[in-house]
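So the sequence lines, in the order shown, correspond to chains E and U. Okay, so the first sequence: first residue is 131 according to the working numbering, each after it adds one. Okay, so the second sequence: first residue is 131 according to the working numbering, each after it adds one. Note that the Cβ used here is the ideal one computed from N, Cα and C, for glycine as well. To keep things clear, I will list the structure first and then write my remarks on it.
2 protein chains.
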Amino acid sequence: MGITERREKEKKEMRGLILETAMKLFLEEGFENVSLRRIADKIEYSPATIYLYFKDKDEILYALHNEGFEKLYALQQTTLDIKDPLKRLWKQGELYINFGLENPEYYNLMFIMRSPAKKICEENQWETGLRSYGFLKDNVSECMEAGLMPMAEVEIATFSFWAHVHGVVSLIIRERCVIIPEEFLPHIIKGSFDFMMEVFKKK
Amino acid sequence: MGITERREKEKKEMRGLILETAMKLFLEEGFENVSLRRIADKIEYSPATIYLYFKDKDEILYALHNEGFEKLYALQQTTLDIKDPLKRLWKQGELYINFGLENPEYYNLMFIMRSPAKKICEENQWETGLRSYGFLKDNVSECMEAGLMPMAEVEIATFSFWAHVHGVVSLIIRERCVIIPEEFLPHIIKGSFDFMMEVFKKK
DNA sequence: TTAATAACTGAACAGTGTTTAGAAAAGGAT
DNA sequence: ATCCTTTTCTAAACACTGTTCAGTTATTAA
């Protein structure tokens, strides 16, 4: 049945168009200033049409949240060519922080906003998030097994690492560091990450 | 002029009533489900009346944000009886995390939400926040001067500490750790805080 | 060409924050 | 107690929001 097949493809294309347009608007104007009606306007459809492709607004946010995790995971993979697991972990932290600072809207969806998390909790679909977390955890445990860092519970060391980088990114993108002059920020970020990373070094 | 004096007192009381009611509703039902109209209903005034006491909704959030910092600062003060600055710093971290987990709505206002931060940026009034940060920074620098922790830039060590505890609290209250069974959470939190705090110990 | 199915939309609903014109209440002066 | 002024309050409207649904238009099958 080539016809229903094409139908499905068109449906996917439409979903894609909606997501693309939504994200574009989010990036340009921030979440607060983008409504379903404005997305509908931009793609020249009625607001009601969007509901034929997404159950509600949260489902759009959830889809974009997943997109974000795809991007992050792709980035994480680029560290695999680093042989030393400790150096690789270091790189992953820098990468995470940069990703967050350069893609605040994605970061917001993935780690801060409430609505997409609601959807995920209800339907128990943390897959993409867990995949990235697992990648990090494996790296930590590799460091430990190689005797490059002090022994500790892997879960705890990983969470500690994540908490730090998340803390840095979220404090900055939610503008809790505006008293720090912009030109000093990179120094503070790099410095505090390196400071924290000392615990991952064997004494 | 006892009359204009009383007028001002009444004005303050009304502001207080609005703030109190607003926070009560926020705590009971979460920010998403509380509107100005519902606050107005609860105090049995018209929504328009609120605008005689607050410029807009953000001003209410800003006032409550300050209330949150008062609470936090009061808590911080309770650590002053601890003589050892390193132990005091430790206590401050635990205190911060507990405050965040037990008062997620206040924490949200103080460190996550966008709208109150906007107000603050525009009017450059970080006072209460900076006071708490300063308190923490002084403690860190005291540890360093006493030779209890490795030497480092105070600003960097402080920010690193803050990033960690903020990371922990915000990941949890924004439900990014729901895969971790609730009974393990305290262990992970304490463990990862202690893990991070190793950098504050002299080797 | 007609019947059935799918895609789409106008209009409405119930809600939001905010503004404004005018009513109600309070205070001061006669 | 009356009049006038000032303050306090609110009904109603405005321009939005997400969402639903009856009804229209377009596409496909017979």
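Take the alpha-carbon of V299 of chain U and the one of E174 of chain E: they are about 42 Å apart.
Counted as a single uninterrupted DSSP element, the alpha helix (DSSP H) harbouring P246 of chain U occupies residues S245 to E253. Interface annotation, K154 of chain E: not in contact with chain U, CB-CB separation never under 8 Å.
Distances from the alpha-carbon of M326 of chain U to those of U:V295, U:C307, U:L315 and U:I303 put U:V295 closest. Neighbours of C251 of chain U across chain E, judged by C-beta separation under 9 Å: E305 and V308. Here A287 of chain U is buried, its C-beta having at least 16 other C-beta atoms within 10 Å. Residue-level contact check: W220 of chain U does not touch chain E, since none of the beta carbons of chain E fall below 8 Å from its beta carbon. In the three-state DSSP reduction, E275 of chain E falls in the helix class (H, G or I).
Using beta-carbon distances, H294 of chain U counts as an interface residue toward chain E, with a partner under 8 Å.
Under the three-state reduction of DSSP, F184 of chain U is assigned to coil, being neither helix nor strand. Contact check for Q206 of chain U and F291 of chain U: beta-carbon distance about 13 Å, past the 8 Å limit, so the pair fails to qualify. Contacts with chain E (Cβ-Cβ distance below 8 Å) from the region 165-194 of chain U involve no residue at all.
Against G264 of chain U, chain E offers no close residue; the least beta-carbon distance is about 11 Å (beta-carbon pairs closer than 8 Å). By the criterion of at least three beta-carbon pairs nearer than 8 Å, the region 310-326 of chain U is not in contact with the region 304-324 of chain E. Contact check for L231 of chain E against I318 of chain E fails: the beta carbons are separated by 8 Å or more.
Per DSSP, reduced to three states, the secondary structure at F325 of chain E is helical. The continuous alpha helix (DSSP H) containing I286 of chain E extends over residues V284 to I303. DSSP places S262 of chain U within a helical segment (H, G or I) once states are collapsed to three.
Taking a contact to require three or more Cβ pairs closer than 8 Å, the region 247-262 of chain E and the region 150-161 of chain U do not qualify as touching.
Put simply, the backbone Cα of S176 of chain U is about 6 Å away from that of A170 of chain U.
Segment contact: the region 195-202 of chain U against the region 222-240 of chain U, three or more CB-CB distances shorter than 8 Å; contact assigned. Here the alpha carbon of N269 of chain E sits roughly 30 Å from the alpha carbon of N228 of chain U. Taking 9 Å as the upper bound on Cβ-Cβ separation, chain U lies near residues P280, A282, E283, E285, I286, A287, T288, F289, S290, F291, W292 and A293 of the region 280-293 of chain E. Between K331 of chain E and M279 of chain E a beta carbon distance of about 7 Å is seen, short of the 8 Å cut, so the two are scored as contacting. By the criterion of a C-beta distance shorter than 8 Å, C273 of chain U is surrounded in its chain by P215, L216, L219, M279 and F330, once the five residues flanking it on both sides are discounted. Taking 7 Å as the upper bound on Cβ-Cβ separation, chain U lies near residues F241, I242, R244, A247, C251 and W256 of the region 227-256 of chain E. Where Y237 of chain U is concerned, the enclosing alpha helix (DSSP H) starts and stops at P234 to Y237. Distance check between Y183 of chain U and each of U:L225, U:E138 and U:K221 places U:E138 closest, using alpha-carbon atoms only. CA-CA distance, I148 of chain E to I180 of chain E, rounds to 8 Å.
Relative to the Cα of I250 of chain E, the nearest Cα in the group E:L225, E:N233 and E:I190 belongs to E:I190.
Scanning its chain for C-beta atoms nearer than 6 Å, with the 5 sequence neighbours on each side dropped, one finds around R167 of chain E the residues P177, in chain order.
Distance from A247 of chain E to R306 of chain U at the Cβ level is roughly 7 Å; contact confirmed, criterion being Cβ atoms closer than 8 Å.
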